[in-house]
Amino acid sequence: MSLLNAGGENILIDTGPASRRGLRVGALTARGIERGDIDVVILSHLHWDHCQNTDLFTNARILVHPTELDYAHNPARGNTSAAWYAAEMLAKMKTEPVSDGDLVTEGVSVIATPGHTKGHLAVLLETGDEKTLVADQNAIPYVLPEPVEGPRRAKLRV
Numbered sequence: 015m016s017l018l019n020a021g022g023e024n025i026l027i028d029t030g031p032a033s034r035r036g037l038r039v040g041a042l043t044a045r046g047i048e049r050g051d052i053d054v055v056i057l058s059h060l061h062w063d064h065c066q067n068t069d070l071f072t073n074a075r076i077l078v079h080p081t082e083l084d085y086a087h088n089p090a091r092g093n094t095s096a097a098w099y100a101a102e103m104l105a106k107m108k109t110e111p112v113s114d115g116d117l118v119t120e121g122v123s124v125i126a127t128p129g130h131t132k133g134h135l136a137v138l139l140e141t142g143d144e145k146t147l148v149a150d151q152n153a154i155p156y157v158l159p160e161p162v163e164g165p166r167r168a169k170l171r172v
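In the working numbering, the protein residues as written are 15 to 172.
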């Protein structure tokens with residue numbers, strides 16, 4: 015879970031697994047931020063260890079790639095990393111599909127980085143002359159279960 019403040023909005027990237035629920039809320043509270051203060055949650059992908067706490071942020075816009083939304087509704091048979099309850103959870107929230115290059119708020123955009131999953135997103139933060147990329151799982155070379163060509167193209171772009 016990463017926290018950004020940009021364009022006057024509190025933005026979370028991923029929400030983590032349920033086993034860390036208390037730690038996530040505590041980390042925000044330690045920074046003076048309550049769950050209701052989160053304006054936007056960007057889900058890099060819908061594996062269980064990245065999205066189980068999304069339901070904590072009922073006031074937030076939930077941004078996720080359309081391919082991941084399709085994946086939530088039609089997970090691959092036997093895929094144990096799929097958040098099997100994600101479709102139901104997201105249906106109750108303010109979920110918005112976002113795609114490559116979409117602006118989230120001033121200085122924050124998403125970049126499609128298929129590789130770990132087909133709809134994986136990275137987040138680009140631009141402040142002045144500086145750019146910071148939150149690449150999540152695609153920055154780790156051994157967690158790319160999708161065909162190799164997608165990750166290669168994604169890494170060349172960023």
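Quick reminder that beta carbons are idealized off the backbone N, C-alpha and C, glycines included.
(message) Need the endpoints of the beta strand (DSSP E) that leucine 104 sits in, please.
(response) Looking at the DSSP string, leucine 104 is not in any beta strand (DSSP E); the run it does join, the alpha helix (DSSP H), is 100-105.
(message) By the three-class DSSP mapping on this structure, what secondary structure does leucine 158 have?
(response) With a pLDDT of only 46 at leucine 158, under 50, the local geometry of the prediction cannot be trusted, and no value is derived from it.
(message) Does arginine 45 pass the burial test, meaning 16 or more other C-beta atoms within 10 Å, or should it be called exposed?
(response) Per the 10 Å Cβ criterion, exposed.
(message) Quick check: what's the CA-CA separation for lysine 145 versus lysine 106?
(response) C-alpha separation (whole angstroms): 34 Å.
(request) From the DSSP output, read off the bridge partner residues of proline 111. (result) According to DSSP, proline 111 shares a beta bridge with Val78.
(request) Could you please give the first and the last residue of the uninterrupted beta strand (DSSP E) stretch that includes threonine 141? (result) Element bounds for threonine 141: 135-141.
(request) Give the secondary structure of alanine 41 by DSSP, where H, G and I count as helix, E and B as strand, and everything else as coil. (result) In this structure, alanine 41 counts as helix in the three-state DSSP scheme.
(request) Return the Cβ separation of threonine 119 and glycine 21 in integer angstroms, given the expectation that the two are a contact with Cβ distance under 8 Å. (result) 3 Å between Cβ atoms; contact.
(request) Please name the residue, chosen from Ile25, Arg34, Arg91, Leu17, that lies closest to asparagine 67 on a Cα-to-Cα basis. (result) Looking at the Cα atoms, Arg34 is the closest of the given residues.
(message) If the criterion is Cβ atoms closer than 9 Å, does the pair isoleucine 125 and leucine 104 meet it?
(response) Cβ distance not < 9 Å, so isoleucine 125 and leucine 104 don't count as in contact.
(request) Give the DSSP-derived three-state secondary structure of threonine 119 in the structure shown. (result) Collapsing the DSSP output to three states places threonine 119 in a strand.
(message) In this structure, how does DSSP classify serine 16 when only helix, strand and coil are distinguished?
(response) Serine 16 falls in the strand class under three-state DSSP.
(message) Let's test the definition: count the other Cβ atoms within 10 Å of the Cβ of aspartate 143 and tell me whether it reaches 16, buried, or not, exposed.
(response) Within a 10 Å sphere around the beta-carbon of aspartate 143 sit fewer than 16 other beta-carbons, which makes this residue exposed.
(message) The alpha helix (DSSP H) that contains lysine 63, what's its start and end?
(response) Checking the sequence, you will find aspartate at residue 63 rather than lysine. In the DSSP assignment, aspartate 63 falls within the unbroken alpha helix (DSSP H) covering 62-65.
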